[in-house]
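Protein chains in written order, with this note's numbering: chain U, 100 to 176; chain D, 228 to 472.
Don't be surprised by glycine CBs; every beta carbon is placed ideally from N, CA and C.
These numbers were taken from a predicted model, which means no experiment stands behind them.
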Amino acid sequence: MSDIADRVKKIVVEHLSVEEDKVVESASFIDDLGADSLDTVELVMAFEEEFGIEIPDDAAETIQTFGDAVKFISEAQ
Amino acid sequence: MFDLTGKTALITGASGGIGGAIATALHGAGATVGLSGTRTGPLEALAAELGDRVHVLPCNLSDAEAVNALPKQAVEAMGSVDILVNNAGITRDNLFMRMSEEEWASVLEVNLTSTFRLCKGVLRGMMKARWGRIVNISSVVGATGNPGQGNYAAAKAGMIGMSKSLAYEVASRGITVNAVAPGFIETAMTDKLNDEQKAAILNQIPSGRMGSPEEIAAAVLYLSSAEAGYVTGATLHVNGGMAML
Chain U
100 MSDIADRVKK IVVEHLSVEE DKVVESASFI DDLGADSLDT VELVMAFEEE
150 FGIEIPDDAA ETIQTFGDAV KFISEAQ
Chain D
228 MFDLTGKTAL ITGASGGIGG AIATALHGAG ATVGLSGTRT GPLEALAAEL
278 GDRVHVLPCN LSDAEAVNAL PKQAVEAMGS VDILVNNAGI TRDNLFMRMS
328 EEEWASVLEV NLTSTFRLCK GVLRGMMKAR WGRIVNISSV VGATGNPGQG
378 NYAAAKAGMI GMSKSLAYEV ASRGITVNAV APGFIETAMT DKLNDEQKAA
428 ILNQIPSGRM GSPEEIAAAV LYLSSAEAGY VTGATLHVNG GMAML
């Protein structure tokens, strides 16, 4: 697994208090990992800080799963 | 009680009577304060009076870019914004049938839209800190209406609905959002009224007097405190009984 995926996973595990093995590529933050809509906003904030990138609101809305987040951040870097 | 030592507060309209009293009260409780307003002179004067733990952050609230930049400037100056007091406001009174689009829009822009922008700008830091206090200064006329103030009353009522909606969204993060609705308060604005106008107003106030800016500041201090952590989405009416809501 890439370095980016590891770092994203760490943030998700810490923020949503979920088991690491549940954070798979297709895992939806809201449907599978128990996030509410405000959690997803906070996750995006945390990604922005961890990776030093800006994630605009319209792009943030497309980040629904762990895989989406890793893909977006990999492309943004 | 109500110790704000170590907290940082951004207050808009701090050059006015009520804003100055709010800044003084929060500062007196130990907070570091960021004084914002359009007129630099009065802000500098207040800063000199308060001494340390004070930053002057001039901002024209009708300028969207300046408003969006203000929370960042406040964080640069103070390290954070733990408490936001949206106190700044303007009036452009006119009879409804004569009110221009410009009079309507400018009052909504400064009183309501700038409040939205500033709330948005400080939320990220408050969410991370899992602590925050937002106090929006509304007005009794937001609840009762007032002839000649269709624009102002709409903006002030809008602040209450906005505060409640935001309060729902962020309550789980330790952030409270409340409104304070002053009645008639002794300020430069009410000084301009003649004796006849004042007598007519006092007739409607059960306590028989106008309020002081310090009495508004005390309400803001309470809502800014750790002790008020379970109070959110509320509107605290400070009006001498003029409207019991």
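Beta-carbon proximity check, residue i vs residue j, cutoff 9 Å
i	j	result
Pro298 of chain D	Ile364 of chain D	no
Phe229 of chain D	Tyr449 of chain D	yes
Val260 of chain D	Ala275 of chain D	no
Val465 of chain D	Gly438 of chain D	yes
Ala168 of chain U	Val111 of chain U	yes
Leu277 of chain D	Val447 of chain D	no
Ala444 of chain D	Ile310 of chain D	no
Ile162 of chain U	Phe150 of chain U	no
Val397 of chain D	Gly352 of chain D	no
Cutoff 9 Å: residue i Cβ touching any chain U Cβ
i	result
Lys347 of chain D	no
Ser392 of chain D	no
Ser307 of chain D	no
Val404 of chain D	no
Ser399 of chain D	yes
Glu396 of chain D	yes
Start and end residues, alpha helix (DSSP H) containing residue i
i	result
Pro298 of chain D	Ala291 to Met305
Asn430 of chain D	Asp422 to Asn430
Leu237 of chain D	First-last for Leu237 of chain D: Thr235 to Ile238, but that is the beta strand (DSSP E), not the alpha helix (DSSP H).
Leu350 of chain D	Ser341 to Ala356
Val368 of chain D	Val367 to Thr371
For residue j and residue i, the rounded distance between their alpha carbons
i	j	result
Asp105 of chain U	Glu330 of chain D	55 Å
Gly268 of chain D	Ile361 of chain D	26 Å
Val143 of chain U	Ala158 of chain U	10 Å
Ile154 of chain U	Met354 of chain D	17 Å
Gly348 of chain D	Asn295 of chain D	7 Å
Pro374 of chain D	Asp422 of chain D	20 Å
Leu339 of chain D	Ala382 of chain D	5 Å
Endpoints, the beta strand (DSSP E) within which residue i is located
i	result
Gly244 of chain D	From DSSP, Gly244 of chain D is part of no beta strand (DSSP E) but of the alpha helix (DSSP H) over Gly244 to Gly255.
Arg360 of chain D	Gly359 to Ile364
Thr259 of chain D	Thr259 to Gly264
Leu284 of chain D	Val281 to Pro285
Leu463 of chain D	Thr462 to Val465
Ile387 of chain D	Segment Gly377 to Val397 is the alpha helix (DSSP H) holding Ile387 of chain D; no beta strand (DSSP E) there.
Ile110 of chain U	Run containing Ile110 of chain U: none in the beta strand (DSSP E); it sits in the alpha helix (DSSP H), Asp102 to Leu115.
9 Å Cβ cutoff, residue i in contact with chain D
i	result
Leu137 of chain U	yes
Val140 of chain U	yes
Cβ distance (whole Å) where residue i is taken to contact residue j below 8 Å
i	j	result
Tyr379 of chain D	Val334 of chain D	6 Å
Ala406 of chain D	Ala384 of chain D	With a Cβ gap of about 10 Å, Ala406 of chain D and Ala384 of chain D do not count as contacting.
Asn313 of chain D	Leu345 of chain D	6 Å
Ser199 of chain D	Val367 of chain D	In the structure as shown, chain D begins at 228 and stops at 472. Residue 199 of chain D is therefore absent and cannot be evaluated.
Ala258 of chain D	Thr239 of chain D	The pair is not a contact, with the Cβ atoms about 15 Å apart (cut-off 8 Å).
Ser452 of chain D	Leu270 of chain D	No, Ser452 of chain D and Leu270 of chain D are not in contact; Cβ-Cβ is about 24 Å, not under 8 Å.
In the region 341 to 367 of chain D, which residues sit with their C-beta less than 7 Å from some C-beta in chain A, listed in chain order? Structure shown: chain A not included; protein chains present are U and D.
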